[in-house]
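Peer 1:
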Amino acid sequence: MDSKVEPGVRYSKTHEWVRVEGAEAVVGISDYAQHKLSDIVFVDLPAAGRELKAGTACMVIESVKAAEEVFAPVSGTVSARNEALVKNPEIVNTDPFGKGWLVRVKLASPVEVDALMDAAAYTSYLATLGE
Amino acid sequence: MLQTRLHDWHRAHGARMVDFGGWDMPVQYEAGPREEHQRVREAAGLFDIDHMGRVELSGPDAEAFLQHVQTWDVSRMAPGRAHYSLLLNESGGVVDDIFIYRREGSWLLIINAANAPKDVAWLSSHARGFSVHLRDLRDETCLVALQGPAACEVLQGLAPGSDLAGMGFHRVAEHDVARARVTLCTTGYTGEPGFELLMPAAEGVRLWEAILAAGAARRLLPCGLAARDSLRAEVCFPLYGNEMDESTDPLSAGLMHAAVRLEGHDFIGRRALAALALKPLERILVGFEMTEPGVPRHGYRIRKDGAEIGAVTTGLFSPSTGKYVGMGYVKAEHSAVGTALEIVIRDSTKGARVVQRPFYSSPNWR
Chain S
-14 MDSKVEPGVR
-4 YSKTHEWVRV
6 EGAEAVVGIS
16 DYAQHKLSDI
26 VFVDLPAAGR
36 ELKAGTACMV
46 IESVKAAEEV
56 FAPVSGTVSA
66 RNEALVKNPE
76 IVNTDPFGKG
86 WLVRVKLASP
96 VEVDALMDAA
106 AYTSYLATLG
116 E
Chain Y
4 MLQTRLHDWH
14 RAHGARMVDF
24 GGWDMPVQYE
34 AGPREEHQRV
44 REAAGLFDID
54 HMGRVELSGP
64 DAEAFLQHVQ
74 TWDVSRMAPG
84 RAHYSLLLNE
94 SGGVVDDIFI
104 YRREGSWLLI
114 INAANAPKDV
124 AWLSSHARGF
134 SVHLRDLRDE
144 TCLVALQGPA
154 ACEVLQGLAP
164 GSDLAGMGFH
174 RVAEHDVARA
184 RVTLCTTGYT
194 GEPGFELLMP
204 AAEGVRLWEA
214 ILAAGAARRL
224 LPCGLAARDS
234 LRAEVCFPLY
244 GNEMDESTDP
254 LSAGLMHAAV
264 RLEGHDFIGR
274 RALAALALKP
284 LERILVGFEM
294 TEPGVPRHGY
304 RIRKDGAEIG
314 AVTTGLFSPS
324 TGKYVGMGYV
334 KAEHSAVGTA
344 LEIVIRDSTK
354 GARVVQRPFY
364 SSPNWR
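Residue numbers (our numbering), protein chains in the order written: chain S, -14 to 116; chain Y, 4 to 369.
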């Protein structure tokens, strides 16, 4: 299976991505993650204002067969959530790096982003997963 | 793990495989469960159900034996007919749900994969005193299902000498399909018209591919277990192990009309069932839809005003209705349509309400 890896964003080992925009970051899941999940039927988004801690579960994405946790790739405060996913969660499947974004976060510690993988490192990482 | 005759084909064609009761089965193909589900509602889908058990009964006492071990009055079935039925234990609990097909001179039972060894042992143990021969057809046959409004047209193209549309609903007959002698059953588990095909084992893969080729122009897709489950769930066909098991009786499960005739024959579990029928039910299987978004799943607790009243047996996002729905057992006093319920989803509760089953009825059905 060939997963798309978007350039210009950073990746966690648990397959979330982060795109820094000033003091905020947009968070989503990778194409690899959406494909592994299969058809997504519900995204349980965290409320605006909620504090996220890097590496801890921050929301649940439900696919046809299972409920999977999403881990916050960075720490910060939720400033916006993708309300379009409430009615159309399948957007995460069809456009994981674009319209299928999950939340915007006001970064608590921007240096956390540097610890995440860039596109090249993530591509190598996916290759090690043997998929 | 156990493998069906189509196992290598699935692996070679992009299927995602899962362990289903010890069988290595395709849960989906590349199109994905949503698309596969939709195709069955709109066109047609082909399912590998070769994991399911099938047993042939013959002999002078075959009918008498069946009357003794299952709940339907099979004396009402003419040759060529099929009917849904249950195997019960002495206390009225469901050992399995099955489909019975009456052929000329023999009966065919299709039984759940996970229950097949149990059922065969159970049937054999009750055969004493009957002149009946039980034959396990697993080794000599391959079983697949072709379902959807276009199923008949697709299969007809491979059976030029037969009138498949004329077969009718819930029937069984032998036909030549792609030059193989096949037992065609107009039954299924999707709420759509279609066929279950009992094929010679050696012809399984060839016929599977022949059907896919014949259906390509009608948008036929191979479909996995995920679509099979969402299709059956939104038309509220029960799944053994979810909606019923040996501790569940057919009254509470709402299966009396579909599967049981108390009159006309005496069967294992009948006495217990007749006694239960005189008493008010403690719990009843209901359908519900979420009034707050969330995915109910098997085993989630059901509450009413904070108090626990039951558990979810099946839950899903129903593609054909666009709603989050489920089934579950609740205390009888909370089973009326319209009753507000709460479903415990992880660390919160989400609102739901009891609705009429099924959630979806196909316009193509029957």
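Virtual Cβ for every residue (Gly too), placed ideally from N, Cα, C.
Every value quoted in this text rests on a predicted model; they were computed, and no experiment measured them.
Could you compute how far the alpha carbon of R8/Y sits from the alpha carbon of R79/Y?
Peer 2: Approximately 35 Å, taken between the alpha carbons.
Peer 1: Output needed in chain order: residues of the stretch 215 to 248 of chain Y with a Cβ under 8 Å from some Cβ in chain S.
Peer 2: From the stretch 215 to 248 of chain Y, only A229, S233 have a Cβ closer than 8 Å to chain S.
Peer 1: Quick one, which residues of the stretch 15 to 32 of chain S are near chain Y if we go by CB-CB under 9 Å, in chain order?
Peer 2: Answer in chain order: S23, D24, V26, F27, D29.
Peer 1: Would V298/Y pass as an interface residue toward chain S - the criterion being a Cβ-Cβ separation below 8 Å?
Peer 2: Taking Cβ atoms only, chain S reaches closer than 8 Å to V298/Y, which makes this a yes.
Peer 1: Can you tell me which of the three DSSP states D144/S falls into?
Peer 2: Given that chain S is displayed from residue -14 to residue 116, the structure contains no residue 144/S and the question cannot be resolved.
Peer 1: Have a look at K38/S and A57/S and give me their C-alpha separation to the nearest angstrom.
Peer 2: Each residue's alpha carbon lies about 6 Å from the other.
Peer 1: In this structure, how does DSSP classify V88/S when only helix, strand and coil are distinguished?
Peer 2: The answer is strand: DSSP assigns V88/S an E or B state.
Peer 1: Using a Cβ cut-off of 8 Å (strictly closer), state whether G35/Y contacts chain S.
Peer 2: G35/Y counts as touching chain S.
Peer 1: Just the chain Y side, please: which residues come within less than 9 Å of E47/S by C-beta, in chain order?
Peer 2: Under the 9 Å cutoff, chain Y gives G297, V298, R300, F320.
Peer 1: By Cβ distance below 7 Å, which residues in the same chain neighbour V340/Y in space, the five residues on each side in sequence not counted?
Peer 2: So the qualifying residues of the chain are V357, V358, Q359.
Peer 1: Does DSSP classify Y363/Y as helix, strand or coil?
Peer 2: It is coil, neither helix nor strand.
Peer 1: Going by DSSP in three states, D139/Y sits in which element: helix, strand or coil?
Peer 2: DSSP places D139/Y in strand when its eight states are reduced to three.
Peer 1: What is the rounded straight-line gap between the Cα of A8/S and the Cα of P299/Y?
Peer 2: Taking the straight line joining both Cα atoms gives about 37 Å.
Peer 1: Going along the stretch 50 to 61 of chain S in order, which residues come within less than 9 Å of chain Y, judged by CB to CB distance?
Peer 2: From the stretch 50 to 61 of chain S, only K50, A51, A52 have a Cβ closer than 9 Å to chain Y.
Peer 1: Taking A355/Y as part of the alpha helix (DSSP H), name the residues at either end of that continuous run.
Peer 2: No alpha helix (DSSP H) holds A355/Y; the beta strand (DSSP E) holding it covers 351 to 358.
Peer 1: Identify the contact partners of V71/S in chain Y, using a Cβ-Cβ distance below 9 Å as the criterion.
Peer 2: Result: P296.
Peer 1: Along chain S, which residues have their Cβ under 7 Å away from the Cβ of Q31/Y?
Peer 2: Result: S23.
Peer 1: Which of the three DSSP states is assigned to D(-13)/S in this structure?
Peer 2: It is coil, neither helix nor strand.
Peer 1: Excluding the five sequence neighbours on either side, which residues of its own chain have a C-beta within less than 6 Å of the C-beta of A153/Y, listed in chain order?
Peer 2: These residues qualify, in order along the chain: A46, A47, R221.
Peer 1: Please list the terminal residues of the continuous alpha helix (DSSP H) segment that includes F68/Y.
Peer 2: Where F68/Y is concerned, the enclosing alpha helix (DSSP H) stretches over 65 to 72.
Peer 1: Below 8 Å, can you find three or more Cβ-Cβ pairs linking the stretch 138 to 149 of chain Y to the stretch 201 to 219 of chain Y?
Peer 2: Contact between the stretch 138 to 149 of chain Y and the stretch 201 to 219 of chain Y is present, because at least three Cβ pairs lie under 8 Å.
Peer 1: Are the CB atoms of Q370/Y and T193/Y nearer to each other than 8 Å?
Peer 2: Outside the displayed span of chain Y (4 to 369) sits residue 370/Y, for which this structure offers no information.
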